[in-house]
Amino acid sequence: MGSDALLFYLFAGAAVLGALLVVTQKNPVYSVLALIASFFGLSGLYVLLEAPFVAVVQIIIYAGAIMVLFLFTVMLLNVPREDATEWDQTHPLYRPMAVRIGGALALLLALELGWALSRTAGLGGGVADEHPAVSSVAELGRVLFTDYMFAFEVTSILIIVAMVGAVVLAKKREE
Amino acid sequence: MISSQFDAIIPILCVTLAGLVVLLAEAFRGRDEKMPIGGLAIIGLVGAGAASILLWNRNATSFGVVTADNFSLFVNLILVAVGILTVIFSSQTLERDNIPAGDYYAIMLFAIVGMMLMGQATDLLVIFLALETMSIAVYVLTGIRREQQQSTEAAFKYFLLGAFASAFFLYGVAFLFGVTGSTNLDRIGSVIAAQSMSGNPMILLGVGLLIVGFAFKVAAVPFHMWSPDAYEGAPAVVTGFMSTGVKAAAVAAFVRVFLSSLEPMIADWAPVLWAIAAATMILGTVVGVAQTSLKRMLAYSSIAHGGYILAGLVAGNDVGKAAILFYLAAYALTNLGAFGVIALLGTRERANDDLRDYAGLFHSHPALAVLMTFFLLSLGGFPPTAGFIAKWYVFSAAIGSGYYGLAIIGVLSSVVSVFFYLRIVVMMFMTERDARPVPAPITGVAMAGLVLSLIGVLYLGVLPSAVIDFAQASISTIF
Amino acid sequence: MSIGHYLVLSGLLFSIGAAGVFLRRNLITLLLSVEIMLNAVNLAFVAFGRQLGIVDGQIITFFVMTVAAAEAAVGLALVIGLFRHRESLNPEAFTSLKW
Amino acid sequence: MLALIPLLPFAGFLVNAGVGRRLPKAVTGGLACAVMVISFLLAVMQVWSLAAMPPESRQINQTLFTWITAGDFSIDLALRLDALSAVMVLVITGIGSLIHIYSTSYMHEETDADFGRFFSYLNLFCFFMLMLVLGSNVLVMFVGWEGVGLCSYLLIGFYYEKKSASDAAKKAFVVNRIGDFAFILGALMLVVTFNSLDFTTIALAVKAMPVEVTFGTLSLITLLLFIGATGKSAQIPLYVWLPDAMEGPTPVSALIHAATMVTAGVYMIGRNAVLFEHAPITLTIVAVVGASTALMAGTIGLVQNDIKRVLAYSTVSQLGYMFLAMGMGAFGAGIFHLMTHAFFKACLFLGAGAVIHALHGEQDIRKMGGLKKHIPITYWTFLTASVAIAGVPGLAGFFSKDEILFETFLHGHQILWGVGVLTSLLTATYMFRLVHLTFHGEERFAHPRTPAPQHLSTPAPQHSHGVHLHDAPAPMAFALIVLAIGSILAGYVGVPHALGGHNNLGAWLEPAFQATNCGQPVTTGELAGIAIEECLPGEEAGAEDHAALELSLMAVSSLVAFAGIGLATFLWLKRKDIPAQMATQFSGVHRLLLNKYYVDEVYDATIVQPIKVVSQEGLWRGFDVKIVDGAVNGAGYFVSGVSIVLRLLQNGSVKTYAASIFAGAVAILAFYLWR
Amino acid sequence: MNGLPLLSIAILLPIIGSALLLFVSNRDGSKNALVRNLTLAISLVTFGVTLLLWAGFDPSAGAPAFQFVERHAWIPAFGIDYYVGIDGLSLMLLVLTGFLTPLALLTSWDSIKKHVKEFSIFMLLLEASMLGVFSALDIFLFYIFWDFVLIPMYFLIGIWGYDQRIYAAVKFILYTMAGSVLMLVAIIGLSWMHQSATGEYSFDLLKLYELSIPAGTQYWFFLAFTIAFIIKVPLFPFHTWLPDAHVQAPTPGSVILAGVMLKMGGYGLIRLAFPLFPEAALYFAPLLATLAVIAIVYGALVAMVQPDMKKLVAYSSVSHMGFVVLGIAAMNVQGVQGASYQMLAHGVTTGGLFCIVGMLSDRRHTRQIGEFGGLKTVMPRLTAVMLILTLSSIGLPGMNGFIGEFLIMLGAFKWDPRFAVVAALGVILSAVYMLWMFQRVFYGKITNSHNAGLRDLSFREWAIVGPLAAVSIGMGVAPNVFLKPMEPAIQRIVDRVQAHQPLVVDLASRKPQASSLAAVAGEVSSSFAKASEDKR
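Residue numbers (the working numbering), protein chains in the order written: chain C, -14 to 160; chain R, 170 to 648; chain P, 11 to 109; chain Z, 7 to 681; chain B, 61 to 596.
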């Protein structure tokens, strides 16, 4: 198998492992860090997919900015470990049960997706076989600001809402 | 009015502008300086409404992703009505609950922007963005009474599940994109129409996941579980707002996606929606029976109403499409009215939304009791209210497509629902009131709002013809 | 590598993310799980875009990231709000609304 | 004109019911009597004009208006006076008037209100009774039929404060209703069969039909009608109400429960003579029922101690006679006996009333005796009537009863004839037992100085402290005497040919029955025109030896009558110890008779109570509340139960909610991939 | 006179009146008198209008089937019109409604003390909607009135009823509504059939009559309609809402409920269920008749043992309305005429009985028969009226009860004697329970001291029960006055139905839709099957 295959499995492994760590770590700090690791794996995959800009954005914005925000919150609230409430013991759907259900469902979903893909024709061929890559940032920007101009504008509103909302929810309010 | 490529988004622009103005106004508002911020919001909404009316029959489109066909304009008008009424009711409760008016109105207006955009967008990505805009705004509104744990808790539940669901939705979009190479509805539609796709597992995955996403916003079983909590936790006005606005917007997008570009696959998604609709109608009404909190009761009732709307969608015929629009209008007016009453009866400390709180309301607030009764009768589908015509309309659609079973489930479940609506009536009229803090007197504005929605309810119930024709015209241009 | 590989991978990630919502007893980790799901979707978009040789896939990921960021902001604000109320991040600590 | 006959009493009713309570007794009573007398005179005039017509067309019809129309079904409110109804009308108005007059003094102790009420009821009764006999179709007859039932209900329950009275009233009405049940069905069958309810139409239609030898439609119709008759005329098995009906004031017993209403059944059969003639099976049943009723009632009458009850049972028994006659097809004889019976039984009841009146409400014959010298008028009239009913030759009862027995024998029903004879023996016996115990022997009654016993129906008269027992006052006496005379002479309208008579009544009635009755020879052709052609010459010839037979039978029955009287005299006047001995000796039989064969008890135990219990516990408490309504409420409980269970799913945990979303998504995908 | 839209006037008058009342402020009950008089006046005028209708009605056979027809487009998109008109049958029921409402209002003057204004409003709305039901010729309009009737009655029972009122009210509205919603489904189905047949939607009853409906559909639609109607009638075993509703309702409510609302069921059967689905109707007629005769006997037996006067009368209604259904099921002129007449007679008689029971319970605040006894001594007039009503209720010839029952039994006998035989048992039983109650309440000595001082009928009470008693006698003496106008209408309906053959149902065709649930299941599977076959 070729080098890109090797790389693929490397990055994929990193992504999956990171993801798994995220959901298995009891300590949120580790979870966040694991997620960042998994993001690195993803950005690697983006490189393989000849989408370097996305890869970069993934690192800088996602891992760099958003995750830091998470990390910041974790530190702020400073609850290193999960605590169990009386709910967890008393309720019929106490944690292990919830875990089993969730796990089972996730497994089912994975199976379904897998099977669906396996039954889909034309997924065998290499990603890059049919079309040349379009990876130039210029082209990307052009499309973004022509075809996706309106969507782009919408995100601005989205972000205003998020900002105002975050403020409204978090800022001190004079009683 | 000169035609430009911006025409289609003028309503949205109006509301957005209003939102921004409101924000600024709040920013420049000095301490306890009174400012008619609500008025600004209403101006913006009225503008949007006027624009929608002017755009009637012009099928304007902008940027290839936004359309202003009659369908979306009808929805816009519903949303405008929802917005105006919400503003009116808020005018009394904001002060009481110590909510920053500016932020509140701004976020509400942005939510409406998202809603309108959901109705108008013809591109799955834009729909997704609109949906997120709307959702995030509504999350915030839900949790806007931070000092109340319930409010925050409701907001978080709503938020987390919403994010969860929109991930599914987005994944569905991804599959459709993968198959058709586009997120544009027309393109998707043409591709699907070109080669029969119903065999392609990936597109089925896409359709299924889209259903999840939309069904969540419509609060259809089994994706409904967020709504009772969110509705109960949120301030009553907000509950009314989201139970009507969010539903209207989500349904609009749902209808557009499934009855335009995915129509060729109706045989694939109809059975699923049939089951969902049936389950929604049954569960919504049945569980409503056991509720003692009015907000929660109406939450379940609005779940059930979602089911009725879906019945129209399942029918998939022209009657169904028009019926959905009519139903949305009728339901919006009725439910807003009901939640308006609840909101006005609340106090800062207690929501006063327990069934017992309504004991003997007829004796203390006869007007409110009578209004509430009308809204409840409309929700229960009694003539001569909007609710009856609306129900008849959707069931007529279902029967027209031969879905007798769905119609029977619908009518029987509506009988069950009547039971708990009448419990409230019993409380208000037939029970002596026990000592409760009598809430603040109702301001004229708020009362005007209630009367307004009552007039709407009765108008749709007694002289529905105009609106029915209107609805039919709305769907005639598209699909 | 075939598109199939990428899709399977994204599916795997998506499932892991979905599972995460149930595995953890920490509000923040729940949010993280959702982030994983979104990233899985992103991967799918990029992969599809690459296969189709169009740039749209990449662009959509930007929008998704924006959405993710917005959600993160609001979500974290809410988490903080909740924490203020109950000094706990356990989702099961917030079950005052039920039935 | 014809309509006035019933309408006058009705007018009287309206007035008395409306303002009677405010009027003095003289006015109310006077009015009531006046309307009756006038309508009697009208009746006489009508009958006179009727008699002027040729026999076969003796009919006066009057259609008031069309009553009910539905599709092809239409009923007129029409009256018809013919030979048969003429007799009835005369009896009703005539005896009715007498009894009204009698009542004016008998009821004099009542308050004005009750007095007015009494006479309004009485008038109403006469109205309905006249409607019954004048009605030209079954439905109009049924109006009267039910109306008289209503009036008997009201009059039996006249002393409504007495439980026994109101019970008796209800019993009377309900038992009658059981008969009506059959009657209505019969009427319905008539409509369906003949598409008409008019008597003449039906008769003509039936005449065209063959006589039903096997049990068929006609038999069923007639049987149903007859069951109706058993209710109204107190025959087995529905006779039980009549004895209790004695709770009513005595004039009521005389008018309704002796002279008129109870004979309605007989009249009805006569009215439908043709119909019944075509259903021989039914006729036999009628005869058997009649005979056995006659016997059974006679035996009971033998041991009763209440003066009115004895008379009541005797009435039942005599009605039995009439039905026996009807069953023999001897309709003329039946009606004849009906008429004579009306006279002497009315006389007897009024006499009994006079006795009770004199004794301030005492009804127990064991507490009487020796009244002969105290109340002579009552005594003599009573005696006359008793002799008449006993069947002593020369008096009314003799002719009519004898004719019945003769017919019975003639139709070859020797057993029934035997029963009849035995019954007439019984009749003579218990009647004279009554006479002796009441009027002869030593005085056993509480002396008037002691106040009258209060447990009795008629309230104690104010002037009960009179020095001596006063005989019937003038109005009562008048009625008694007239009736007594009647019970002597009434028989002579039907003197059989065997005694050189012409049986005018039989001939007169003949056309009304619209079919020849060859058992009864008719010599004078012009009297019974149609009859002759239809009579076979052979039977015509046989008339002579019939005469011989008739004479011998008469001898037998007169002997029987005297034997009965003698027996009674011997037992209850000479050797009073014997009845006591017998009572003890055959105590079982005695008790059986005393308790009227326990029929009431049996009915109560087998029918009334079970129905009550089943309805109460089974149908209502059990089925209706628990099952039917339980199902309804159960549905409600089910829904709310499900609701309570389902809402538990909403357990507040965000994870659970997410799980449901997730599960839903997985399910949808599963459906798509695995369907 | 026919220039005026009399029919709409009759329907609108009460509505306008109730609107007027809204503007009378009567919070403290100071204006009760005004409100009562105003309401009474309105209802009397309405009665007058119904009489005008009668006067202007042409009963001759040649006359148009429906008269006073008014038609205005309402929801043209679906061919829904405001379309009213009356034939003889409707006319009589309109008059009955107009006649009973003022009397019911009069009874309320004693019994209703609180919220008089609201009470009056509900009564007027009730009257309007009932008039609407009887005159609607557009089945959508019919359904709207039909459904709306429930609301005022619900409030009447729930607010002004006795102690168990809420249970009774909720049971009443849910039970009857559960029945009628299925009818709504069928109505919609009909309109679609008309649409697929002629290309245009229509709820026009007369057009729908002409529709030829496939057997299977008729089967289900007839059931849907009939269940709605026999619940209203109510027919055994759907009767259990009635005793509760009757007993708990205030006197005026009971009067209207028994007097008019039950008739809506019978009217629906005659006007809609049978002529719309003749084959199915003829197929189901024996079943209906069986239930009817059961109801007759059963209702009578249960009535016999009721300790509560109102309950007794309520169950007697079950028995009497059983006669109505029997007559309808017979579907010949006599039967249906009898049924219609019985409806009128029962309306008058039972209405009167409820008035009297109400007067007694107003005086004594109890309806237990055991509490009374010997009332004849203290209230002879009331007793007299009660006697008249009792007699007409037990169908004494010459009273209104007899005419209906006789015609019904005649019709039934012509159709199938067995039913007539069982029905005739009712003749006995009705006498038993009515007279037994009469005896226990009015005869005997006064045992209970509370009864000693009861006052007899007041003038107003005379004004209430006097007309009722008079009418119940008059109807018995001159029934043709009422039968004649109805005859052509009923003749038409009977002819329409009898022109068809009963539909043949083989179990095989019935299996897949043995019940609505099964129908749902079948539908799911079919739609899934459709989907999966579209797949390949």
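For glycine and all other residues, C-beta sits at the position ideal for the given N, C-alpha and C. Quick caveat: nothing in here was measured; it's all calculated off a predicted structure.
- By the C-beta density criterion, N601 of chain Z is exposed, having fewer than 16 other C-beta atoms within 10 angstroms.
- Looking only at P:G27, P:A79, P:V18 and P:G21, the smallest Cα-Cα distance to I45 of chain C is reached by P:A79.
- By a beta-carbon distance limit of 8 Å, S172 of chain Z contacts Q499 of chain B. Their separation comes to about 5 Å.
- Residues of chain P with a Cβ closer than 7 Å to the Cβ of V112 of chain C are, in chain order, M11, S12, I13, Y16, A57, R60 and Q61.
- Cα atoms of N182 of chain Z and I388 of chain B: separation of roughly 29 Å, rounded to the nearest angstrom.
- Taking the Cα positions, I361 of chain R is about 15 Å away from R425 of chain R.
- The beta-carbon distance between K464 of chain R and D522 of chain R, rounded to whole angstroms, is 5 Å. This is short enough to meet the 8 Å contact definition.
- Counting along the chain, A237 of chain R sits inside no alpha helix (DSSP H); it lies in the beta strand (DSSP E) bounded by residues V235 to A237.
- Neighbours of L88 of chain P across chain Z, judged by C-beta separation under 9 Å, do not exist; the nearest C-beta is about 12 Å away.
- Around the beta-carbon of G400 of chain Z, fewer than 16 other beta-carbon atoms lie within 10 Å, marking it exposed.
- Pairing L428 of chain R with P548 of chain B, the inter-Cα distance amounts to about 52 Å.
- Annotated three-state conformation of G111 of chain C is strand, per DSSP.
- For H343 of chain Z, the enclosing alpha helix (DSSP H) starts and ends at F337 to A364.
- By the criterion of a C-beta distance shorter than 6 Å, S195 of chain B is surrounded in its chain by L67, V144, I146 and S150, once the five residues flanking it on both sides are discounted.
- DSSP, reduced to helix, strand and coil, places G331 of chain R within a helical segment of the structure shown.
- If you check the CB distance, F164 of chain Z and G35 of chain Z do not come in under 7 Å.
- The region 428 to 444 of chain B and the region 497 to 512 of chain B touch, with no fewer than 3 CB-CB distances between them shorter than 8 Å.
- Contacts with chain B (Cβ-Cβ distance below 7 Å) from the region 179 to 206 of chain R involve no residue at all.
- Annotated as distal: G333 of chain Z and G375 of chain Z, with beta-carbon spacing of 7 Å or more.
- Collapsing the DSSP output to three states places T105 of chain P in coil.
- If you ignore the 5 residues before and after I494 of chain Z, its C-beta comes within less than 7 Å of the C-beta of T390, A394, L401 and A402, all in its own chain and listed in chain order.
- By the neighbour-count criterion, in which 16 or more other beta carbons inside 10 Å mark a residue as buried, P517 of chain Z falls on the buried side.
- Taking each of R:G216, R:L263 and R:S241 in turn and checking the Cα distance to L513 of chain R, the smallest one comes out for R:L263.
- For S666 of chain Z, no CB of chain P lies under 7 Å from its own CB, so it is not counted at the interface with that chain.
- DSSP links R86 of chain Z through a beta bridge to Z:N67.
- Straight through space, the alpha carbons of F24 of chain P and V8 of chain C are spaced by roughly 12 Å.
- With respect to chain P, the C-beta atom of D266 of chain R has no partner C-beta closer than 7 Å.
- At least one beta carbon of chain P lies nearer than 7 Å to the beta carbon of G109 of chain C.
- By the Cβ test, the region 270 to 281 of chain Z is not in contact with the region 350 to 369 of chain Z, since fewer than three Cβ pairs between them sit closer than 8 Å.
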